[in-house]
Ligand SMILES: [Zn+2]
Ligand SMILES: [Zn+2]
């Protein structure tokens, strides 16, 4: 599901660059929302004038979003997901994208888009855009003129980084007036600014807690990044020098470490158990996974492992001795902490 959202957002990124309508059509078909219903949101990205026709498409986009909200509400009703006031509670996925790809730093894109998608219906509930640029205003400024009356697309003066959180918070505020539902679980990329802004905004008042669920791809990607960071440190935090070959082993086995977790997720997901029982078992698997990968199979589950392979060396004692294992377990613990999110997503 999250992969689908990432795909949609990738296409939106392309759209920002190329302004090709066929991509919008493709995006729309992936989202199960008719093309003309979403293209108004994208047309804003083009930063040009808005025609009468796109005014119409904007209306149909809003209508489609309301319909998607209603469908979600029906599912939630059937499953009994309502609060004590009778308001429906649903899980949504949110993510943002910028017109310019940035990694960790250098967020200075001129446009940003964020979408909210119903987790069960897989339909777009909302797609919002923030623009720091308007071609008409810019042209007038360049010619030292005052821009003639136009529908201005510039709607953002803040930082590029803050665009996503702003769109998402605004839409959470609108979910009751627009859909009469509360988005009580949010599957996101763990973006701390979204979490912080939602916490500050309290869109449903102080007594409604929005549970944040991180997506599997992001949790595991961060895990790999942390492993690489730990493996490049010459000394562990205790000050002991880490032997080069152990640094290399840790870095080289990072995909195996990831794979041990994904294998456990797939297995635990299919079990016919209560949700909380599943993630407790998954948590155990995650906690044991480094021992399995580095050659200590004493606590491996049967579905997972048949014991040590011929000639396999248990590296855990050596890694432990120099402090490397303890350091690495910190990264593993973060993944284990997200066991519930991993079962859901
Ligand atoms: Zn303008
Ligand atoms: Zn094992």
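In our numbering, the protein residues as written are 432 to 776. We put the beta carbon where it would ideally sit given N, CA and C, even for glycine.
Could you tell me which of the options sits nearest to residue i, measuring between CA atoms?
i	options	result
residue 670	758, 583 and 568	758
residue 554	525, 539, 627 and 573	525
residue 564	552, 694, 576 and 543	543
residue 741	726, 652 and 591	726
residue 773	627, 695 and 732	695
residue 642	656, 693, 657 and 625	625
residue 749	722, 654 and 589	722
residue 540	638, 595 and 674	595
residue 655	765, 776, 583 and 551	765
residue 687	667, 651, 706 and 666	651
residue 516	733, 579, 689 and 612	612
residue 605	576, 591, 635 and 582	635
residue 581	571, 587, 590 and 770	571
Can you tell me whether residue i sits near ligand 2, meaning its C-beta is under 7 angstroms from at least one heavy atom of the ligand?
i	result
residue 736	yes
residue 731	yes
residue 728	yes
residue 752	no
residue 723	yes
Does at least one heavy atom of ligand 1 sit under 7 angstroms from the Cβ of residue i?
i	result
residue 570	no
residue 578	yes
residue 646	no
residue 575	no
residue 769	no
residue 640	no
residue 777	Residue numbering for the chain in the displayed model covers 432 to 776; residue 777 lies beyond these limits and cannot be assessed.
residue 565	yes
residue 649	no
Could you tell me which residues DSSP puts in a beta bridge with residue i?
i	result
residue 503	DSSP output for residue 503 lists no bridge partner at all.
residue 523	549 and 617
residue 542	562
residue 557	547
residue 529	543
residue 666	672
residue 612	519
residue 778	Beyond the ends of the chain as shown, which are 432 and 776, falls residue 778; an answer cannot be given.
For the beta strand (DSSP E) holding residue i, just list the boundary residues, first then last.
i	result
residue 645	642-645
Within the continuous alpha helix (DSSP H) that includes residue i, where are the two ends?
i	result
residue 700	685-700
residue 773	770-775
residue 750	747-752
residue 631	623-632
residue 744	Element bounds for residue 744: n/a, residue is neither H nor E.
residue 729	Residue 729 -> no alpha helix (DSSP H), and no H or E assigned at all.
With a threshold of 8 angstroms between beta-carbons, can residue i be considered close to chain C, or not?
i	result
residue 648	In the structure shown, chain C does not exist; there is a single protein chain.
Is the stretch 591-604 touching the stretch 551-570, taking contact as three or more C-beta pairs under 8 angstroms?
Output reads yes: the stretch 551-570 touches the stretch 591-604.
How about the stretch 681-697 and the stretch 754-773: do they share at least three Cβ pairs that are nearer than 8 angstroms?
Touching, yes, given that three or more Cβ pairs across the two stretches are closer than 8 angstroms.
Within the chosen definition, does the stretch 611-625 reach the stretch 510-526 through at least 3 CB pairs nearer than 8 angstroms?
The stretch 611-625, when compared against the stretch 510-526, does touch it at the 8 angstroms Cβ threshold.
Quick one: any contact between the stretch 709-718 and the stretch 657-671, if contact means 3 or more CB pairs under 8 angstroms?
Too few Cβ pairs lie closer than 8 angstroms, so no.
May I ask you to verify whether the stretch 693-705 touches the stretch 714-731, counting CB pairs closer than 8 angstroms and requiring at least 3?
Between the stretch 693-705 and the stretch 714-731, the count of C-beta pairs closer than 8 angstroms reaches three or more; the two stretches touch.
Per the contact definition of three or more C-beta pairs closer than 8 angstroms, is the stretch 504-519 in contact with the stretch 729-740?
Counting Cβ pairs under 8 angstroms, fewer than three are found: no touch.
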